[in-house]
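Here is the structure we will look at, set down as structure tokens.
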Amino acid sequence: MAVKDDYQDFKNALNDLKINSKPLINFLTILAEEKIHNAPQIVRAIEERILETKGDYVLPVLYVLDSIVKNLRSTTYIQLFENKLPVIFASAFNKVDERTRLAMFKLRQTWPQYFSGGTLHNLDTRTHYIDPAWPITARVPDPSPSTPTIHINPDFIQRVCRI
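Using this note's numbering, read the sequence shown as starting at 6 and increasing by one per residue.
Encoded structure:
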């Protein structure tokens, strides 16, 4: 099947997801597994749905993202979602009610073993900006320690030794 067809089929299936339907979420997860060769288009369809949909439909789509990440454990999907996760999550958070925000917080707390600390810190920071009650639980990743090095020109040492 063509890339465009996979994208459109997945997008159409996402459009049918209006409530937290475990069978449909499982179906979409299986479909994502079958279409892993077109993972960028699947991820794009999910991101677009989250950005375009009304607040009432955001959480089920986040559950699809979550299901793909946790059940497929594919580094391909994880890396693709990680690219825009902070922006997508904050956009979703901005259009939902308090009850849904609590569900999103609970969902977010399950992600440290799947997404990098830097991504989650960015997500927490963006969400905290929208709602100061959102805790920033992800730590800022430590910059990799670098060993200082000094380069000494051997000619300089020879000149100093001659003096």
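Think of the CB as a built atom: it goes at the ideal place given N, C-alpha and C, for glycine as much as any other residue.
Here the structure is a predicted model, which means the values were calculated and not measured.
By the neighbour-count definition (other C-beta atoms within 10 Å, threshold 16), Asn43 is a buried residue.
Here DSSP, grouped into helix, strand and coil, assigns Ile51 to helix.
The closest CA to that of Thr34, considering only Val63, Arg131 and Leu77, is found on Leu77. In the DSSP assignment, Asn99 falls within the unbroken alpha helix (DSSP H) covering Thr80 to Asn99. Between Lys27 and Arg104, the alpha-carbon positions lie close to 19 Å from each other. The three-state secondary structure of Asn25, taken from DSSP, is coil. For Gln114 and Leu22, the gap between their C-alpha atoms comes out near 23 Å. Looking only at Asn31, Pro91, Thr58 and Pro45, the smallest Cα-Cα distance to Leu125 is reached by Pro91. Rounded to the nearest angstrom, the gap between the Cα atoms of Ala143 and Lys100 is 23 Å.
Per DSSP, His42 lies in no alpha helix (DSSP H) and is assigned neither H nor E.
Sequence-distant Cβ neighbours of Phe94 in its own chain, meaning closer than 6 Å and more than five residues away, are Leu128. In the structure shown, Ile73 falls within a helical segment according to DSSP collapsed to helix, strand and coil.
About 13 Å separates the CB atoms of Arg106 and Asp61; that is not less than 8 Å, and the two are not in contact. Boundaries of the alpha helix (DSSP H) around Tyr134: Gly122 to Ile135. Less than 8 Å divides the Cβ of Ser96 from the Cβ of Leu56.
Following the DSSP letters along the chain, one finds Ala108 inside the alpha helix (DSSP H) bounded by residues Glu103 to Arg113.
Considering only Glu52, Arg49, Thr58 and Leu67, the residue with the shortest C-alpha distance to Leu29 is Leu67.
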